[in-house]
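Chains as they are written, first to last, in my numbering: chain A, 1120 to 1446; chain B, 1120 to 1446. For glycine and all other residues, C-beta sits at the position ideal for the given N, C-alpha and C. Predicted model, so just to flag it, every value in this text is computed and none were measured.
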């Protein structure tokens, strides 16, 4: 059944694709089988991360870029990573108002994913979903993260190209969040360029990035951050959109020309996937009936401060090891 | 040397405590030894998570609460989890302006931690830092997260009591982030109660939480969210601060009376610690000289879409298993 679900997703059945993504996201056996089958067919899409502080206008920008790409006949998928609902556990911003103009277009596929509750981590789930969309023929995949936390930055880091969006008029705390995001940026978009202060914001940003490039040399052994392009755009008026899409395509062309291995982002994606699966396998083994009781006892002993967590972890590793040696 | 560092931290030497926290955060051998020694002495502090969307006024609130607790003679520690600097990799908001009034008070200890780059995860690092502060005699520990992402919510979940802060006047996206945070809230503070709309915001919030409690029953097997208290406060004028500190102390008293095992949060802390250490141990084993080459080959094969990540993970687990059986 699942093989045919993968087949149908590949042949353009969007409902089959949606169901398949649910299987993959829930890490079911059917989802794992389908992903194994589809994985060799992926690797052709350009994965573009779009991230930024709340209020920067990421969603509007992604909708506008999608419109531009569709006008050129390209199939576009969007993975929107949203804060989780306290009620259903699902994604909250699911039906994004800005994307509704694309709702009847079968060559635009939008998937909302909740930010929480991913066995093996959010980055691993995102990579898996993107691989399925890639195998289903979407050549341009936007990964939009509304949040500003550690996982969201990691998600940005697994994209081939990462766009950090900022609005001209934001507070100190948001500025600091933005600074944290610059490390992963290939392109910084000063959005809402129709507003006062946009040109000044872009100039400040370019100055800040220059300082960053210099200071880093002094900081020693840390990798020098790449120097991102700074572009002005207005998702509302459409200003700067062709330039942004052009910049994305140029980066993709350079990346493709550089070789078939997919580059750093592909290695990061592989690492996120594999470490996610390893963590899940180890956790599942510890929850098996033969070990569950000892796992629970060990957790309770750490919670009561009777043993330290390092000794506890070593004890659980021994438990896995002993069983393995017996197999 | 490290044992004496732990001893000095315990006896009130704040510089020793700061150095020890660096060792623990960097997961050095000395840090691990010290944490093993100090862990049995922890378990007495009340860990209070304070989180909320950017601009909600969390830092000001923590500073005001710290002032109240200090006036009652209590020792207070703050772990402030900040966006990471793109230049140094360190925490950005380090010297928080609001906390500077406490800078000369040795019974207030403030530690900024970068949100990124924690081997084994941010939650595990936070739990470890809190255990050290706890063993050093701080009875009230605030864990403040500026971010709004998955990891930040997980950090909130490892606190004994979690306070979600919101300001009355915030946009849609921030509202959605807030909704995602309500799941972990024990107390919701509508901050900036001096501003217009605060009473209405509190009323809306209470109504929303009532709907949530009902809908969840229909949603089936998910655990019903606890119904948080909603309080109005103004960190600026001090209004509502005694009530908030009182509410925290009442919750702690109830938790203590309920038993010595530390409750759900202590189990979550144990789990975060142990799974962080397990992930770190597995990753370290795969990076050992005997396995590093095969690990790199496997990653590259997944990056090039030659094998799928599940087969790759199973191959790496076999690699660990074979070596273990031989030991």
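Bridge-paired residues (DSSP) for residue i
i, result
"residue 1230 of chain A", "A:1198"
"residue 1350 of chain A", "A:1308"
"residue 1167 of chain B", "B:1261, B:1280"
"residue 1285 of chain A", "A:1309"
Continuous alpha helix (DSSP H) stretch holding residue i: start and end
i, result
"residue 1141 of chain B", "1133–1144"
"residue 1179 of chain B", "1177–1190"
"residue 1396 of chain B", "1382–1406"
"residue 1368 of chain B", "1360–1376"
"residue 1150 of chain A", "1148–1157"
"residue 1245 of chain A", "1241–1254"
Chain-order list of residues whose beta-carbon lies under 6 Å from that of residue i (same chain, five-residue window excluded)
i, result
"residue 1426 of chain A", "1420"
"residue 1273 of chain B", "1242"
"residue 1275 of chain B", "1168, 1170, 1281, 1303"
"residue 1391 of chain A", "1242, 1243, 1246, 1277"
"residue 1305 of chain B", "1280, 1281, 1347"
"residue 1213 of chain A", "In this predicted model, residue 1213 of chain A has a pLDDT of only 49, less than 50, meaning its place in the structure is not dependable; the value taken from the coordinates is given anyway. If we look at residue 1213 of chain A and ignore the five residues flanking it on each side, its Cβ neighbours are 1231."
"residue 1441 of chain A", "none"
"residue 1385 of chain B", "none"
"residue 1252 of chain A", "1196, 1260"
Beta-carbon neighbours of residue i, restricted to chain A and to distances below 8 Å
i, result
"residue 1427 of chain B", "1154, 1155, 1158, 1159"
"residue 1393 of chain B", "1417, 1418, 1421, 1428, 1431, 1432, 1435"
"residue 1165 of chain B", "What residue 1165 of chain B touches in chain A: nothing, since even the nearest Cβ is about 15 Å away."
"residue 1385 of chain B", "1422, 1423"
"residue 1348 of chain B", "Those do not exist, as residue 1348 of chain B stays about 15 Å from chain A at its closest Cβ, beyond 8 Å."
Sequence-distant residues of its chain with Cβ nearer than 8 Å to residue i (five each side left out)
i, result
"residue 1359 of chain A", "1308, 1312, 1350, 1351, 1352, 1353"
"residue 1129 of chain A", "1157, 1160, 1254, 1255, 1256"
"residue 1439 of chain A", "1401, 1404, 1405, 1410"
"residue 1396 of chain A", "1239, 1243"
"residue 1446 of chain B", "In this predicted model, residue 1446 of chain B has a pLDDT of only 48, less than 50, meaning its place in the structure is not dependable; the value taken from the coordinates is given anyway. So no residue of the chain qualifies."
"residue 1362 of chain A", "1350, 1352"
"residue 1428 of chain B", "1421"
Under 9 Å by beta carbon: chain B residues contacting residue i
i, result
"residue 1401 of chain A", "1394, 1397, 1398, 1401, 1436"
Helix, strand or coil at residue i according to DSSP, with G and I counted as helix
i, result
"residue 1314 of chain A", "coil"
"residue 1273 of chain B", "helix"
"residue 1433 of chain B", "helix"
"residue 1303 of chain A", "coil"
"residue 1324 of chain B", "helix"
"residue 1428 of chain A", "helix"
"residue 1417 of chain A", "helix"
"residue 1237 of chain A", "coil"
"residue 1439 of chain B", "helix"
"residue 1448 of chain A", "Nothing about residue 1448 of chain A can be read from this structure; chain A reaches only from 1120 to 1446."
"residue 1356 of chain A", "coil"
"residue 1193 of chain B", "coil"
"residue 1161 of chain A", "coil"
"residue 1223 of chain B", "coil"
"residue 1172 of chain A", "coil"
"residue 1409 of chain B", "helix"
"residue 1422 of chain A", "helix"
7 Å CB neighbourhood of residue i in its chain, flanking five on each side removed
i, result
"residue 1176 of chain B", "1284, 1286, 1310, 1311, 1354"
"residue 1227 of chain B", "1185, 1189, 1195, 1221"
Chain C residues whose Cβ lies nearer than 9 Å to that of residue i
i, result
"residue 1407 of chain A", "This model lacks chain C altogether; the protein chains it does include are A and B."
Chain A residues whose Cβ lies nearer than 9 Å to that of residue i
i, result
"residue 1390 of chain B", "1418, 1421, 1422"
Within chain B, partners of residue i - CB distance below 8 Å
i, result
"residue 1162 of chain A", "1423, 1424"
"residue 1151 of chain A", "1429"
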